[in-house]
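Under our numbering, think of the first position of the sequence shown as 147, with each following residue one higher. We put the beta carbon where it would ideally sit given N, CA and C, even for glycine.
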Amino acid sequence: MHMLQATRDFRKVSLWLGHATLQSTEIYLRADPTEKLEMLDALAPLGIKPGKFRPPDKLIAMHTIVQCYVESMDVEKPDNTPISVSGSA
147 MHMLQATRDF RKVSLWLGHA TLQSTEIYLR ADPTEKLEML DALAPLGIKP
197 GKFRPPDKLI AMHTIVQCYV ESMDVEKPDN TPISVSGSA
């Protein structure tokens, strides 16, 4: 609905959503937004506690092993520059 309000062009919305026909888009545009909100409010929360993700020790250990293994390999890119493990190229 927001896309339609922003563009005022039914065809653009259909293209952006990747619909093969305009009839596919009509289903979504005819839906009542208040009905959608009521349905979402009726859903039970997922029970996810807010907070920071803390990876388990097994995951950290595996990452450390893989990182050490990759660093021990003498791997180069096709342009003969070393591959950086830290994420920078």
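Sorted by chain position, which residues of the same chain lie with C-beta nearer than 6 Å to residue i's C-beta, five sequence neighbours on each side aside?
| i | result |
| --- | --- |
| residue 235 | At residue 235 the pLDDT is 45, less than 50, meaning the model places this residue with poor confidence; the figure from the coordinates comes in the next sentence. Correct list: empty, nothing qualifies. |
Note down, in chain order, each residue of its chain lying with its Cβ closer than 8 Å to the Cβ of residue i, except the 5 sequence neighbours on either side.
| i | result |
| --- | --- |
| residue 233 | Residue placement at residue 233 is poorly supported in this model, since its pLDDT is 49, which falls under 50; the coordinates are not used for a value here. |
Looking at residue j and residue i, is the spacing between their C-beta atoms short of 7 Å?
| i | j | result |
| --- | --- | --- |
| residue 283 | residue 171 | Residue 283 lies beyond the residue range present for the chain, which begins at 147 and ends at 235; the question has no answer from this structure. |
Would you mind working out which of the options sits nearest residue i, comparing C-alpha positions?
| i | options | result |
| --- | --- | --- |
| residue 175 | 154, 194, 184, 211 | 154 |
Counting along the chain, where does the alpha helix (DSSP H) carrying residue i start and finish?
| i | result |
| --- | --- |
| residue 156 | 156-163 |
| residue 180 | 179-188 |
Go through its chain and collect everything with a Cβ distance to residue i's Cβ below 7 Å, but skip five positions before and after it.
| i | result |
| --- | --- |
| residue 163 | 171 |
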